[in-house]
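Engineer: Attaching a single structure in structure tokens format; questions to follow.
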Amino acid sequence: MSLAKLNMVQAINLALFEEMEKDPTVLVMGEDVGVDGGVFRVTEGLLSKFGSDRVIDTPLAESGIVGTAIGMAVSGLKPVAEIQFEGFSYMTIDQLAAHASRIRYRSRGTYHCPLVVRAPYGGGVKALEHHSEAVATFYIHIPGLKVVIPSTPYDAKGLLISSIRDPDPVMFFEPKKLYRAFKEEVPEGEYTVPLGVGKKITEGEDLTLIAWGAMVRVCQEAMEQVKDLNVELIDLRTLSPLDDKVIIDSVKKTGRVVIVHEEPRTLGFGAEIIARINEKALLSLEAPVKRVTGFDVPMPLPKLEDYYLPNAAKVADAIKEVAAF
Amino acid sequence: MSVDWLSILDAEGNVDESLEPKLDTETLEKFYRTMVLTRMYDDKALKLQRQGRMLTFGSSLGQEATAVGSAFAMKPDDWFFPAFREHGVQIARGIPLSLLYIYWMGSEDANLKLPPKNFPVAIPVSTQILHAVGAAWAAKIKKQNIASVVYFGDGATSEGDFHEGMNFAGVFKTPTVFICQNNQYAISLPREKQTASKTLAQKALAYGFEGIQIDGNDVLAVYSVTLTALEKARSGGGPTMIECFTYRMGPHTTSDDPTKYRKAAEVEEWKKKDPIKRLRIYLEKKGMWDQSREDAMIKEITDEVEKAVKEAESYKPVVENMFKYVYADKPLHLKEQMDELQGFISKRRGNESG
Ligand SMILES: Cc1ncc(C[n+]2csc(CCOP(=O)(O)OP(=O)(O)O)c2C)c(N)n1
Ligand SMILES: [Mg+2]
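Written as structure tokens, this is what we have:
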């Protein structure tokens, strides 16, 4: 296996390339994914390699893209549908909630839906309205749908391959802030990162810091400001199904927890994590769990987005407060 | 299935006298000036974007006739629902340039001062179409003698919201004018790959009302047809869809590279059909325009644009507005979150000065 230094866009592109090469039932569809190579260039080069039956420029219709992809998926194809920005994924919720996520259940296993829907998400890139939102909660709330969010190029490739091979529908959110933020070594050729398994990025005894996607980098920056504390940073990687174990084991060790997410606070995934901690490790807690999150307001346009988003300073403050409790 | 095609002023500035609307000098000059202003507004926005002083921006270069011709056919009391490329309509409807710049520089505060009946831009493609139908329907229910005009692109005709809006308008005979700016592309997707329909206007026939295709670079045709459609709407004749056949001369937005999907020769062909150039020839032929007037106007517009940019750049967004406009009354949790943010901000300021 050879290694190359890739950013997240390149890593996802490589995953698509390799899976399409290996499995002729895998195809890519969406707005501007073919000739244009995707507005973020994630699908660059796929059309010339695999042709227009497998790299499909669709009409401009998100419900249409996901709905027809469901039909393909139950017919034995493995569509990877791209939604151009998370703010336009709302139109897919009907098809995902009413159909993709429950066709296995309703048909009692006669049909299943090996579909992946990819969408960039999140703020911090000075984008237009509806181009900077963190919307995972809507999808996590749909039983039967998996939700994956990578934070590194290596994981992005491995998680996407796992998502494509998964027999059930997966919502794959890509932190656009990290698309080109950094490069790391990504092996060429096959490897997978399993769905439903979180990752300890650092080991520590003093406090558990939980994040995913772009917020993992923010947490790493924050940790630079609290070097006297041994923080255990956990990147959940898959939000649904959630890896309880990595969280609970850590909480039992540290007794102190800070959760960071871009999503609005109310019903953001932090709420569920706290509930699970309460259910499984309440008596290990030595301080109330603290959340650093987006506010319960629509994602503001760029002039105010820095006020909205969690940042390293806010996270460092929260870590100090919880550690000192 | 076929729809009518209308053009009045051709690319060389020749007019079809049998169709020529009778407009006075002042009105024609207003059309011309607003089209040039729109182009210079766009041009400035692109420059600002390149310098990092503006967000991603979609210029309306080449589509000025569609915007300005239709806007001047409307009355101030008619509803206007834009997509995101209707700068010319906004300018013609009297929205101050500085507000437009404030929005595209990244603040919703621009919408604080939008004149009535001018809805904020809709970024999610096609969603505004239903609102326009609803607003027209409300006018009908309330027996108001107004119409509602909605703008959208060729790409938008693929979304479900477009079809639902058209169907409701047909069923309830709402006073809605659907203006499709067919600029031949939806980002990279050419019009012929968007739909197998021969024209976009013919989709109206399927919903039981009139659709017409017109030369969207011909401001006289756009004005005349919109005027007729609006009069029909206000007098109970129901909706009309107008497909303005035009061309997006620039990239989709500042983030787009059109060389990936279209040929330079195609753009060159369309340059010959420039909407501003042909109107200028028409005005000159009528003895209404000459170079010295042109020079004076350009100077005036340059100053106007610069002044607007200065105003927009000096605007300081209000942090509290993030919490203020979520609900009519601020619930407790938002008050707490606002306090939390303000606590953070003042602590940072303290740290910086300390
Ligand atoms: C629902 C939705 N999907 C995708 C996008 C991303 N997007 C922005 S503009 C655009 C193309 C729009 O094409 P068209 O309707 O022809 O309008 P034009 O940009 O040509 O004016 C796309 C896909 C969006 N804004 N909204
Ligand atoms: Mg278009």
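So the protein sequences, as listed, match chains C and W.
Just so we're aligned, residue 7 is where the first sequence starts under the working numbering, counting upward by one.
Just so we're aligned, residue 254 is where the second sequence starts under the working numbering, counting upward by one.
Quick reminder that beta carbons are idealized off the backbone N, C-alpha and C, glycines included.
Note that this is a predicted model, so its numbers are computed, not measured.
Determine, using beta-carbon pairs with one atom in the stretch 330 to 341 of chain W and one in the stretch 394 to 411 of chain W, whether at least three such pairs fall under 8 Å.
Structural biologist: In short, these stretches touch, since the Cβ pair count reaches three.
Engineer: Among W:Val342, W:Glu417 and W:Pro428, whose alpha-carbon lies nearest the alpha-carbon of W:Gln434?
Structural biologist: Looking at the Cα atoms, W:Val342 is the closest of the given residues.
Engineer: Output the boundary residues of the alpha helix (DSSP H) element that contains W:Arg338.
Structural biologist: No alpha helix (DSSP H) holds W:Arg338; DSSP gives it neither H nor E.
Engineer: Should W:Ile598 go down as buried or exposed, given a rule of 16 or more other Cβ atoms within 10 Å for buried?
Structural biologist: It is exposed - the Cβ of W:Ile598 has fewer than 16 other Cβ atoms within 10 Å.
Engineer: What are the complete alpha helix (DSSP H) segments, minimum 4 residues, inside the stretch 510 to 573 of chain W?
Structural biologist: The qualifying runs are 517 to 524, 528 to 538 and 544 to 567.
Engineer: For W:Ala439, is the beta carbon positioned less than 6 Å from some heavy atom of ligand 2?
Structural biologist: True, at least one ligand heavy atom lies under 6 Å from that Cβ.
Engineer: Identify the continuous alpha helix (DSSP H) that holds C:Pro159 and give its terminal residues.
Structural biologist: Its alpha helix (DSSP H) spans residues Pro159 to Arg171.
Engineer: Per DSSP, what kind of secondary structure is W:Met494 in: helix, strand or coil?
Structural biologist: It is a strand residue.
Engineer: So which residues on chain W does C:Val303 lean against when the C-beta distance must stay under 9 Å?
Structural biologist: Within chain W, the residues near C:Val303 are Met575, Phe576, Tyr578, Val579, Leu587 and Gln590.
Engineer: Between which two residues does the beta strand (DSSP E) harbouring C:Pro308 extend?
Structural biologist: Unbroken run through C:Pro308 is the alpha helix (DSSP H), Pro308 to Tyr314; no beta strand (DSSP E).
Engineer: Between C:Gly82 and the rest of its own chain, which residues show a CB-CB distance below 8 Å, the 5 nearest in sequence each way excluded?
Structural biologist: Result list for C:Gly82: Thr31, in chain order.
Engineer: Please report the straight-line C-alpha distance between C:Glu190 and C:Leu12, rounded to a whole angstrom.
Structural biologist: Distance between the alpha carbons of C:Glu190 and C:Leu12 is about 6 Å.
Engineer: Have a look at C:Asp59 and W:Phe576 and give me their C-alpha separation to the nearest angstrom.
Structural biologist: Each residue's Cα considered, the two are about 48 Å apart.
Engineer: For C:Ala6, which residues in the same chain have their Cβ closer than 6 Å to its Cβ, ignoring the five residues on either side in sequence?
Structural biologist: Past the edges of chain C, shown from 7 to 331, lies residue 6 of chain C, and the structure says nothing about it.
Engineer: If we define contact as Cβ-Cβ less than 7 Å, is W:Glu605 a contact residue for chain C?
Structural biologist: Cβ-Cβ to chain C under 7 Å: no for W:Glu605.
Engineer: Tell me, please, which residues DSSP counts as bridged to C:Ile240.
Structural biologist: Partner(s): C:Lys206 and C:Ile216.
Engineer: When burial is assigned at 16 or more other CB atoms within 10 Å of the CB, is W:Asp468 buried or exposed?
Structural biologist: It counts as buried.
Engineer: Could you give the C-beta distance for C:Phe351 and C:Leu245, rounded to a whole number, given that I count them as a contact under 8 Å?
Structural biologist: Given a span of 7 to 331 for chain C in the structure shown, any question on residue 351 of chain C remains unanswerable.
Engineer: Alpha carbons only, please: which of C:Glu285, C:Ile146, C:Ile170 and C:Leu239 is nearest the one belonging to C:Glu269?
Structural biologist: It is C:Ile146 whose Cα lies nearest to the Cα of C:Glu269.
Engineer: Does any residue of chain W bring its CB to less than 7 Å from the CB of C:Tyr313?
Structural biologist: Yes, its Cβ sits closer than 7 Å to a Cβ of chain W.
Engineer: Quick check on this structure: which residue in W:Tyr285, W:Asn420 and W:Phe310 has the alpha carbon closest to the alpha carbon of W:Trp357?
Structural biologist: Selected option, being the one with the closest Cα: W:Phe310.
Engineer: Hey, is W:Asp407 close to ligand 1, as in C-beta under 6 Å from one of its heavy atoms?
Structural biologist: Yes, since a heavy atom of ligand 1 falls inside the 6 Å radius drawn around the Cβ of W:Asp407.
Engineer: Can we count W:Asn470 as close to ligand 2, meaning its CB is less than 6 Å from some heavy atom?
Structural biologist: W:Asn470: no, Cβ never under 6 Å from ligand 2.
Engineer: I need the straight-line Cα distance from W:Leu367 to W:Leu353, nearest angstrom please.
Structural biologist: Rounded to the nearest angstrom, the two C-alpha atoms are 10 Å apart.
Engineer: Which residues mark the beginning and the end of the beta strand (DSSP E) in which C:Ile62 is found?
Structural biologist: C:Ile62 -> beta strand (DSSP E) spans Val61 to Asp63.
Engineer: CB of C:Arg271 to nearest heavy atom of ligand 1: below 6 Å?
Structural biologist: No, the beta carbon of C:Arg271 sits no closer than 6 Å to any heavy atom of ligand 1.
Engineer: Is any heavy atom in ligand 1 found nearer than 6 Å to the beta carbon of C:Phe94?
Structural biologist: Yes - ligand 1 has a heavy atom lying nearer than 6 Å to the Cβ of C:Phe94.
Engineer: Can you check whether the CB of C:Val264 is closer than 7 Å to the CB of C:Glu167?
Structural biologist: The residue asked about is misnamed: residue 167 of chain C is Ile in this sequence, not Glu. Not in contact: C:Ile167 and C:Val264 (Cβ atoms no closer than 7 Å).
Engineer: Among C:Pro181, C:Ala322, C:Glu92 and C:His137, whose alpha-carbon lies nearest the alpha-carbon of C:Leu239?
Structural biologist: That would be C:Ala322, whose Cα lies nearest to the Cα of C:Leu239.
Engineer: Quick one: grab the DSSP three-state call for W:Gly406.
Structural biologist: If DSSP states are grouped into helix, strand and coil, W:Gly406 belongs with the strands.
Engineer: Among the candidates W:Gly413, W:Glu417, W:Leu308 and W:Ala549, whose CA atom is the shortest distance from the CA of C:Ser138?
Structural biologist: Taking only the C-alpha atoms, the option nearest C:Ser138 is W:Leu308.
Engineer: Consult DSSP for C:Gly129 and reduce its assignment to one of helix, strand or coil.
Structural biologist: DSSP places C:Gly129 in coil when its eight states are reduced to three.
Engineer: Can you have a look at W:Ser271 and say buried or exposed, based on whether 16 or more other CB atoms are within 10 angstroms of its CB?
Structural biologist: Exposed: under 16 other Cβ atoms inside 10 Å.
Engineer: Who are the neighbours of C:Asp42 on chain W, taking C-beta pairs under 9 Å?
Structural biologist: Those within 9 Å of C:Asp42 in chain W are Ile440, Ser441, Leu442, Asp509, Asp510, Lys513 and Tyr514.
Engineer: Which whole-angstrom value describes the C-beta separation of C:Glu180 and C:Ala318, a residue pair presumed to lie in contact below a C-beta threshold of 8 Å?
Structural biologist: C:Glu180 to C:Ala318, Cβ: 22 Å. No contact.
Engineer: Name the residue from C:Ile155, C:Lys296, C:Pro304 and C:Val123 whose alpha carbon lies nearest to the alpha carbon of C:Ala277.
Structural biologist: It is C:Lys296 whose Cα lies nearest to the Cα of C:Ala277.
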